[in-house]
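Sequences listed follow chains L, F, C, D, Z and V, in order. So for the first sequence, our numbering puts the first residue at 148; every next one is plus one. So for the second sequence, our numbering puts the first residue at 148; every next one is plus one. So for the third sequence, our numbering puts the first residue at 148; every next one is plus one. So for the fourth sequence, our numbering puts the first residue at 148; every next one is plus one. So for the fifth sequence, our numbering puts the first residue at 148; every next one is plus one. So for the sixth sequence, our numbering puts the first residue at 148; every next one is plus one.
Number of protein chains: 6
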Amino acid sequence: MTLHVINPNSNETVTAGIDAAMDPLRGTGVEIACHTLSAGPRGIESQRNADSVILPLCARIAELEESASAFVIACFSDPGLFSARETTAKPVLGIMESGVLTALTLGHRYGIIAILPNSVQRHIRTLRGLGLTERLAGDRPLGLRVEELSNPDRTAARMAEVGRTLRDQDGADVLVMGCAGMARYREMLQTETGLPVVEPCQAAAGLAISRIKQGI
Amino acid sequence: MTLHVINPNSNETVTAGIDAAMDPLRGTGVEIACHTLSAGPRGIESQRNADSVILPLCARIAELEESASAFVIACFSDPGLFSARETTAKPVLGIMESGVLTALTLGHRYGIIAILPNSVQRHIRTLRGLGLTERLAGDRPLGLRVEELSNPDRTAARMAEVGRTLRDQDGADVLVMGCAGMARYREMLQTETGLPVVEPCQAAAGLAISRIKQGI
Amino acid sequence: MTLHVINPNSNETVTAGIDAAMDPLRGTGVEIACHTLSAGPRGIESQRNADSVILPLCARIAELEESASAFVIACFSDPGLFSARETTAKPVLGIMESGVLTALTLGHRYGIIAILPNSVQRHIRTLRGLGLTERLAGDRPLGLRVEELSNPDRTAARMAEVGRTLRDQDGADVLVMGCAGMARYREMLQTETGLPVVEPCQAAAGLAISRIKQGI
Amino acid sequence: MTLHVINPNSNETVTAGIDAAMDPLRGTGVEIACHTLSAGPRGIESQRNADSVILPLCARIAELEESASAFVIACFSDPGLFSARETTAKPVLGIMESGVLTALTLGHRYGIIAILPNSVQRHIRTLRGLGLTERLAGDRPLGLRVEELSNPDRTAARMAEVGRTLRDQDGADVLVMGCAGMARYREMLQTETGLPVVEPCQAAAGLAISRIKQGI
Amino acid sequence: MTLHVINPNSNETVTAGIDAAMDPLRGTGVEIACHTLSAGPRGIESQRNADSVILPLCARIAELEESASAFVIACFSDPGLFSARETTAKPVLGIMESGVLTALTLGHRYGIIAILPNSVQRHIRTLRGLGLTERLAGDRPLGLRVEELSNPDRTAARMAEVGRTLRDQDGADVLVMGCAGMARYREMLQTETGLPVVEPCQAAAGLAISRIKQGI
Amino acid sequence: MTLHVINPNSNETVTAGIDAAMDPLRGTGVEIACHTLSAGPRGIESQRNADSVILPLCARIAELEESASAFVIACFSDPGLFSARETTAKPVLGIMESGVLTALTLGHRYGIIAILPNSVQRHIRTLRGLGLTERLAGDRPLGLRVEELSNPDRTAARMAEVGRTLRDQDGADVLVMGCAGMARYREMLQTETGLPVVEPCQAAAGLAISRIKQGI
């Protein structure tokens with residue numbers, strides 16, 4: 148039985164980044180497999196992109212159901228989270244939800260580093276729907292397109308800058324990376340800001356393993 | 148230029164009910180046309196049903212764009228509301244959002260009459276996302292399937308019963324019908340409960356006309 | 148039958164501005180007449196000014212009742228809103244309430260442009276009472292007296308400045324004009340900020356027409 | 148210098164009841180004088196009644212200003228609280244506000260015993276405006292008119308019944324009397340419910356004395 | 148390195164129950180050891196009991212620090228959670244916090260089964276402090292003392308009854324056991340209510356393992 | 148019978164400052180005595196410091212019980228507030244709770260001047276638990292250690308600076324001193340900021356006297 152982590156965009160590089168991020172979560176007795184949703188868009192940059200993956204995502208979940216101990220939807224908008232939970236009785240975790248729930252055990256007020264400006268309102272609308280905004284310090288965008296993230300120095304510098312703003316202006320004492328596939332910047336971000344940083348795919352896998360072990 | 152009201156399920160009877168409900172809103176100088184989304188499910192009874200209509204709904208909006216002064220999404224889950232707003236710059240109103248906003252001008256605490264038990268959490272999650280739950284008295288289901296609504300006496304009796312429970316146990320002083328196409332029960336429901344009742348398709352059309360006239 | 152819009156201050160120039168703002172809302176089959184409350188103060192600049200108009204406003208509503216399809220109270224403090232609703236069974240809309248409800252369909256977080264600094268707490272206290280602060284980005288004053296608004300260039304420049312601050316510092320993506328009779332600045336404000344701007348008298352008239360047509 | 152307690156209705160019997168309730172608060176070095184607002188209605192039973200007293204109340208405050216150390220507005224709707232604070236720089240306390248603030252030091256969740264059903268929404272709207280509803284257990288009416296309160300046995304029995312409902316169904320562990328002039332039932336109500344009961348005129352006088360002594 | 152689970156009461160039977168509950172969480176590569184705080188009271192039945200364990204608990208954490216990968220405080224009041232986090236830089240999880248965070252991934256509204264009536268307000272005060280009450284359906288007590296829990300049939304029957312009340316009257320769709328050491332009733336409770344049930348010690352151990360693996 | 152004000156730290160200078168602050172509250176017929184908790188730490192600078200005083204504080208309350216009319220816990224973290232309320236049936240007031248409740252009668256939004264940066268989250272967690280954050284403008288630290296407060300010029304200058312920031316950036320219109328024993332800076336702070344300033348020991352004594360007089 149396998150914990151299936153599904154990247155709902157079609158970018159294999161992102162999936163590879165997620166897969167590498169899973170390494171520390173391996174060795175708990177739960178197999179972890181990462182999948183790319185080939186029907187997904189190249190990146191999820193709008194509400195419409197997010198909504199477009201729901202049906203293929205649910206179809207993929209149905210295909211993987213028999214071999215699954217749980218599922219993780221590895222996109223920070225948690226697209227299709229409640230449709231997926233209607234599709235399978237196995238645990239389904241979203242990475243935004245899981246990243247935030249984990250952050251709540253690490254600090255008093257969490258800050259989110261989003262990719263694009265228009266992601267912010269999408270995040271907040273969803274977090275409000277989940278009843279999780281009471282301790283939200285802020286959600287600020289990098290202002291880089293998914294493709295631009297290919298320049299690691301530029302990405303790292305901007306990420307550290309946004310992290311410091313969330314800390315100093317918004318009062319965040321824990322950060323959540325608002326995107327899948329950025330695990331490789333976590334160490335840098337912790338060093339630059341002095342704050343704990345949650346990589347949300349890891350947080351979701353951790354919660355999935357926890358629920359698998361508990362049998363709920 | 149036309150206000151396009153799109154019923155996202157494929158049930159022509161529902162569309163006919165919506166169209167009849169539009170009559171009082173006609174004659175304001177805004178044309179109103181009602182459409183059935185043929186690609187939609189027979190009824191929207193789950194989150195997955197709701198999510199399944201988003202892409203065809205946006206496609207239909209794109210087709211109608213040129214002739215449109217505004218759009219109404221005539222399903223009480225407001226499926227695809229934010230994707231639709233990315234699809235067109237014309238006003239897009241959801242009937243849940245509009246029904247609730249209108250109810251807030253009519254009473255202190257609003258009650259929603261849902262069709263199915265599992266709709267309730269979907270409504271509340273969305274309303275929380277919209278920041279509109281502060282004055283929610285309650286959301287209670289008829290417990291009838293969309294098909295069962297074909298027996299008007301049974302539907303009316305149950306609707307009045309749920310309305311009275313929302314009034315007496317939950318403290319609602321205004322009711323919102325949690326479904327499109329039930330306008331013909333409004334009068335009865337007002338009489339039986341003594342409360343004002345918002346028919347949400349009318350409320351959305353009213354807000355759409357208001358925004359068209361204001362040019363925003 | 149007529150929609151009566153009552154300006155609760157005694158300034159005829161303000162009433163003329165409101166009347167001009169009504170033009171786009173005319174032609175819906177609902178007559179709109181604007182009235183000046185001669186017993187009102189020259190401007191409503193304090194809580195006490197606002198409270199002072201309630202009794203004469205209710206008296207005026209009672210006089211107009213027979214010919215009324217609905218009423219709009221055209222002062223952004225919504226003075227006497229709930230007393231007016233006890234005075235008549237016809238719809239009564241406040242322009243603050245209506246401006247904010249309309250803004251909620253246009254953006255994620257609304258910003259209010261107030262006239263005077265001491266208006267801000269009055270607005271927020273009322274909005275909190277209405278349960279509508281969840282998506283309030285900010286409420287910032289022009290810092291100009293009602294009389295000073297007679298210099299249109301100064302008013303326009305300051306209004307654009309406050310609008311940009313609401314957008315950039317507070318995160319507003321829709322603006323509400325926090326005063327009656329400023330409709331002539333709407334276009335300028337939209338251009339200068341790139342955000343949709345709600346003129347609250349128009350919003351209230353639009354909601355009133357919607358409720359008249361719905362018969363609730 | 149005197150703490151002036153103003154009963155905004157014209158019922159001298161109510162004022163006498165308030166005056167008797169002041170006795171335990173006397174002897175602190177602060178003189179307490181109770182006044183009847185002769186221009187007020189016989190009882191405050193609607194929003195319109197409440198709004199009607201604001202101007203004469205402010206006029207009375209202005210007359211008493213010179214001799215005042217502070218003011219209490221002795222009507223549970225706190226009519227004119229913010230207008231009164233614009234009228235004088237001396238402390239002005241409302242009895243609803245003060246009753247609730249005091250109750251928050253006595254229990255986890257407070258229940259309010261209102262007189263009339265239509266008072267409930269007026270209370271809640273005001274309390275929401277004050278940001279004090281988080282720990283509100285419930286607000287339930289006696290369903291007796293102010294005049295009917297003249298039958299003490301009937302009033303006492305109904306008051307105890309409502310108190311027990313607030314305790315058992317709503318989870319209140321402290322009660323606030325939602326009317327001035329009912330101090331004589333406090334002992335009975337505490338005995339019948341086993342809960343501490345706040346008489347709001349006393350609570351307001353206590354807070355006023357506290358602020359006078361602190362010089363703020 | 149070991150995950151130390153500390154039962155802050157001195158009841159070894161409770162610790163044995165917690166230890167048994169840990170079995171499904173073992174085998175992840177993280178050692179789990181359960182400890183009894185001998186200085187603790189026999190049961191934690193009041194705020195004072197809860198506060199009394201904080202210093203000895205922190206002392207025990209300091210003693211175990213060197214061998215620790217993380218800590219769980221196994222009492223549903225989360226006593227000393229923030230003092231413990233000042234005592235060690237290793238992860239410290241409370242079982243209330245963890246039980247609720249896990250429940251939020253399982254349902255829309257969670258219900259808590261407390262032991263004693265006076266625990267309820269202690270729980271809610273703490274959950275409000277954590278910003279986690281938005282989706283709280285209810286918190287209802289068994290009304291049994293910790294000692295009485297020794298009669299398993301009586302405990303089970305009452306627990307099922309309270310669970311059904313939380314489901315039917317309060318709208319809970321997931322339950323959290325509000326006490327350590329009751330894991331053996333979980334299966335029964337799930338069967339009797341048809342709802343998923345979170346055993347909070349398991350939830351906390353799961354979150355602790357997740358954080359250990361993530362290195363945060 | 149005496150109102151016992153207990154300083155839970157062992158610093159006699161702080162107790163002397165509290166005692167001096169009590170002078171304006173004397174002469175109400177209630178004796179006020181100030182006590183130093185010799186078992187307490189030199190200053191309360193962390194959650195652990197705060198938690199460490201609870202048991203000795205409750206022991207002291209038990210010793211003083213017979214002579215007590217009420218108690219004030221004179222540390223701004225309100226340590227042991229609910230344990231103390233389990234220890235005695237006499238009124239127990241915390242200075243944070245009382246300072247904030249009093250501030251709510253003085254302005255629309257309150258700002259807190261904390262001593263140390265890490266106090267801020269402790270305050271907010273507690274205030275959230277009390278349901279009193281709706282009108283919190285901000286809580287900002289002096290960034291001075293308790294010992295450093297011995298330089299009055301430096302303290303005064305920094306306090307005025309923080310007060311102005313709370314006023315200008317956070318919108319506070321009333322300030323609460325977030326520490327016991329700073330009453331001598333109140334006048335200066337009011338002058339420098341133009342805002343009313345609540346000294347929380349005085350506010351708590353005032354509320355205690357009010358409750359003693361009311362007999363609740």
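The beta-carbon is built from N, C-alpha and C at its ideal position, and this holds for glycine as well.
| Asked | Found |
| --- | --- |
| With 16 as the cutoff for other CB atoms within 10 Å, does S214 of chain L come out buried or exposed? | exposed |
| For S216 of chain D, name the three-state secondary structure that DSSP assigns. | strand |
| Examine the Cβ distances between the stretch 310-319 of chain D and the stretch 174-183 of chain D and report whether three or more of them are shorter than 8 Å. | no |
| If the cut is a Cβ gap below 7 Å, which residues of chain F does Q268 of chain D touch? | H255 |
| Start and end of the beta strand (DSSP E) containing P343 of chain L? | Where P343 of chain L is concerned, there is no enclosing beta strand (DSSP E), given that its DSSP letter is neither H nor E. |
| Please name the residue or residues paired with R173 of chain D in a DSSP beta bridge. | Partner(s): none; R173 of chain D has no beta bridge. |
| Would a C-beta distance cut-off of 8 Å place V309 of chain L and V345 of chain L closer than the cut-off? | no |
| By how many angstroms is the C-alpha of G187 of chain V removed from the C-alpha of G227 of chain V? | 13 Å |
| For G353 of chain V, which three-state DSSP category applies? | helix |
| State the CB to CB distance for the pair H270 of chain F and A284 of chain F, rounded to an integer number of angstroms; the pair is presumed to be in contact (CB under 8 Å). | The Cβ separation is near 13 Å, so there is no contact. |
| Against chain F, which members of the stretch 196-207 of chain L pass a CB distance test of less than 7 Å? | D198, S199, I201, L202, C205 |
| For chain C, find out if any of its Cβ atoms is closer than 8 Å to the Cβ of Q194 of chain F; answer yes or no. | no |
| Starting from the beta carbon of A350 of chain D, find every residue of chain V whose beta carbon is closer than 8 Å, and list them in chain order. | S357, Q361 |
| Please state whether the Cβ-Cβ distance between L251 of chain F and V219 of chain F is less than 8 Å. | no |
| Keeping to the same chain, check which residues put their C-beta closer than 6 Å to that of L150 of chain V; ignore five residues upstream and five downstream. | V177, I179, S216, A217, A355 |
| Does the structure place the stretch 334-345 of chain C close enough to the stretch 151-169 of chain D that three or more beta carbon pairs sit under 8 Å? | no |
| Checking 8 Å against the spacing of the C-beta atoms, do V247 of chain V and Y257 of chain V come in under that value? | yes |
| Report the option in F:G362, F:P343, F:K360 whose CA atom is closest to the CA atom of T249 of chain F. | F:P343 |
| Are any of the Cβ atoms in chain L nearer than 8 Å to that of F223 of chain F? | no |
| Grouping DSSP H, G and I as helix and E and B as strand, with all else coil, what is D300 of chain V? | helix |
| Looking at P171 of chain V and Q349 of chain V, is the spacing between their C-beta atoms short of 8 Å? | yes |
| Taking just the CA atoms, how far does T235 of chain L sit from T202 of chain L? | Looking at the sequence itself, residue 202 of chain L is Leu, so the reference to Thr does not match. If you take the alpha carbons of L202 of chain L and T235 of chain L, they lie about 13 Å apart. |
| By the criterion of Cβ-Cβ separation under 7 Å, what are the contact partners of R282 of chain V in chain D? | G278 |
| Is H255 of chain C helix, strand or coil when you go by DSSP? | coil |
| One question on the structure: do I242 of chain L and F223 of chain L come within less than 8 Å of each other, judged by their Cβ atoms? | yes |
| Mark Y148 of chain L as exposed unless 16 or more other C-beta atoms lie within 10 angstroms of its C-beta, in which case mark it buried. | A small correction: the amino acid at residue 148 of chain L is Met; Tyr does not occupy that position in the sequence shown. Per the 10 Å Cβ criterion, exposed. |
| How would you call L164 of chain L, buried or exposed, if buried means at least 16 neighbouring beta carbons within 10 angstroms? | A quick correction: the sequence has Gly, not Leu, at residue 164 of chain L. Counting Cβ neighbours within 10 Å, G164 of chain L comes out buried, since at least 16 surround it. |
| Should R275 of chain V go down as buried or exposed, given a rule of 16 or more other Cβ atoms within 10 Å for buried? | buried |
| Based on Cα-Cα distance, which residue from D:G362, D:E244, D:D286 lies nearest to P264 of chain D? | D:D286 |
| Measuring only the C-alpha atoms, how far is P347 of chain C from G290 of chain L? | 34 Å |
| Does V200 of chain F come out as helix, strand or coil in the three-state DSSP assignment? | coil |
| Ends of the beta strand (DSSP E) at T183 of chain Z? | 178-183 |
| Could you tell me the alpha carbon to alpha carbon distance between I259 of chain V and N196 of chain V, rounded to whole angstroms? | 20 Å |
| Are A168 of chain F and A330 of chain F touching if we call contact CB-CB under 8 Å? | yes |
| Roughly how many angstroms lie between the CA atoms of P288 of chain L and S245 of chain C, to the nearest whole one? | 32 Å |
| What three-state label does DSSP hand I262 of chain L in the structure shown? | coil |
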